[in-house]
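J.: These protein sequences, in sequence, are chains A and B.
Counting from 1, one number per residue, gives the positions in the first sequence under this note's numbering.
Counting from 1001, one number per residue, gives the positions in the second sequence under this note's numbering.
Ideal Cβ placement from N, Cα and C applies to all residues, glycine included.
This one's a predicted model, so the numbers in the text were calculated from it and none came from an experiment.
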Amino acid sequence: MNDVMPYIALSGILFSIGCVGVLIRRNAIVVFMCVELMLNASNLALVAFAKQHGNLDGQIAAFFVMVVAAAEVVVGLAIIMTIFRTRRSASVDDASLLKY
Amino acid sequence: MVAFWILAPIMVIAALGILFVRKAVHAALLLAVVMISLSVLYLTLEAPFLFAVQIIVYTGAILMLFLFVLMLVGVDASDSVVETIPGQRATAIVGGVFLGVLLTVGLGQISLGTAVGLDDANSGGNIQALANILFSKYVFAFETTSALLITAAVGAMVLAHRERLTPKATQRSLAAQRLVDYEESGAHLGPLPPPGVYARHNAVDTPALLPDGSPAPSSVSRVLTARGTVRSAPAEADAIEQIEEQLGWAPHAGRDGAVPASTTEEAPATGGDHE
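#1: For V1033 (chain B), tell me which candidate among B:P1048, B:T1044, B:L1007 has the shortest Cα-Cα distance.
#2: Note down, in chain order, every chain C residue with its Cβ under 7 Å from the Cβ of R1089 (chain B).
#3: Name the DSSP bridge partner or partners of I27 (chain A)?
#4: DSSP state of P1215 (chain B), grouped into three classes?
#5: Do you know how far the Cα of I1013 (chain B) is from the Cα of G1271 (chain B)?
#6: Select from the region 1111 to 1124 of chain B all residues with a C-beta closer than 7 Å to any C-beta belonging to chain A, and list them in chain order.
#7: Along the chain, where does the alpha helix (DSSP H) that runs through I1039 (chain B) open and close?
#8: The alpha helix (DSSP H) with M1001 (chain B) in it runs from where to where?
#9: Output yes if chain A places a C-beta closer than 9 Å to the C-beta of L1189 (chain B); else output no.
#10: Under 9 Å between the Cβ atoms of S89 (chain A) and A41 (chain A)?
#11: Would you kindly report the start and end of the unbroken alpha helix (DSSP H) that includes V1021 (chain B)?
#12: Mind checking if S16 (chain A) is an interface residue toward chain B, Cβ cutoff 9 Å exclusive?
#13: For P1048 (chain B), report the span of its alpha helix (DSSP H) as first-last.
#14: Apart from the five residues on each side of it in sequence, which residues of its chain come closer than 7 Å, Cβ to Cβ, to D1181 (chain B)?
#15: So with Cβ pairs under 9 Å, would you call R85 (chain A) a contact of chain B?
#16: Roughly how many angstroms separate the alpha carbons of A70 (chain A) and L1210 (chain B), rounded to a whole number?
#17: Please work out which residues of its chain come closer than 7 Å, Cβ to Cβ, to G76 (chain A), disregarding the five sequence neighbours upstream and downstream, and give them in chain order.
#18: Could you tell me the alpha carbon to alpha carbon distance between C34 (chain A) and L1148 (chain B), rounded to whole angstroms?
#19: Can you look up L1284 (chain B) in the DSSP assignment and give me helix, strand or coil?
#20: I'd like to know whether the C-beta atoms of L1099 (chain B) and A9 (chain A) end up nearer to each other than 9 Å.
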């Protein structure tokens, strides 16, 4: 069996789980982990399509996604740390002061 | 495909676990399970370079960064179960299930045909082939990445750096402050009681017993209390009673009077009120 369809389906399932996690979790760090899960799911789809079409552009795209994810995590966690330092809380509901 | 059918259920279960575990550390470990499984899937998809990068960058660097931040933020930063927007959680779950069904069913409708496979593209080695593309077709994007990475590094340093606004507290000033507190509010001047005093164990998770046999909450580290791993003291308090009986001592006057009822009621609260 030389089919990549199950990989794409798994990628879709992982992406929706990540989506739900971003929406229902209140801890900013766990929300961030769910964003990572969504990025990983899209990477899996990219690599699977690279195999389907027989060229390596999909793998290069997945590689760039990883680089951008690393940069995003560094800045995002620094922001969470700064907010935690001033508010003593890592909950996304407590950082609503920027709204006003 | 065998590896896929073994790993796919593990990944889905671990990913669902991220949604439902209470502690952020457990969520990070479950995410590690998903990422390592994913790297093996990359191997089955003929991407050995991404297999290594996935383990080194994601599992090695990014997840460790998450764990470091969890260590700094503290263990009691667990999720609140309060819903800020009423019905948001149920709506989100329904929407997520809808999205998942839509993606899988919609993708099930199309047929991609037999995969071409990467045997031709990887004929000179996967890493060599990736390097050929990366440094010809995508060289501009690759060089731009360096600007992105240095911006992220500088940004993180600026955000995490903290200027010292007040002079560093010396031992002398701390001692003076302690005396001022004692004068104003009568706060205890000496050190806190160490854990385990008069209890059967002197481990750090066993609260000290006050002379009347009740546990002293201030003797246990705040972190242990938040984590919920403080031993309950009533067992030790009972043991003291037994020892007193064995020795033939008269029970404490204070023990029999007001305290014993509160000993059994308060002690579980020492370890359990944060739950």
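T.: Concretely, from the data shown:
#1: B:L1007
#2: The chain inventory of the structure shown lacks chain C, comprising the protein chains A and B.
#3: First, the residue type needs correcting, since residue 27 (chain A) is Asn and not Ile in the sequence shown. Per DSSP, A:S91.
#4: strand
#5: Reliability of the predicted coordinates at G1271 (chain B) is poor, the pLDDT of 40 falling under 50, and the value obtained from them is presented with this limitation in mind. Distance between the alpha carbons of G1271 (chain B) and I1013 (chain B) is about 31 Å.
#6: L1112, T1114, A1115, V1116, G1117, L1118, D1120, A1121
#7: Reading off the sequence shown, one finds Ser at residue 1039 (chain B), where the question assumed Ile. S1039 (chain B) -> alpha helix (DSSP H) spans 1024 to 1044.
#8: Where M1001 (chain B) is concerned, there is no enclosing alpha helix (DSSP H), given that its DSSP letter is neither H nor E.
#9: no
#10: no
#11: Counting along the chain, V1021 (chain B) falls outside any alpha helix (DSSP H), and DSSP gives it neither H nor E.
#12: yes
#13: 1048 to 1053
#14: A1187
#15: yes
#16: 51 Å
#17: F32
#18: 22 Å
#19: In the structure as shown, chain B begins at 1001 and stops at 1275. Residue 1284 (chain B) is therefore absent and cannot be evaluated.
#20: no
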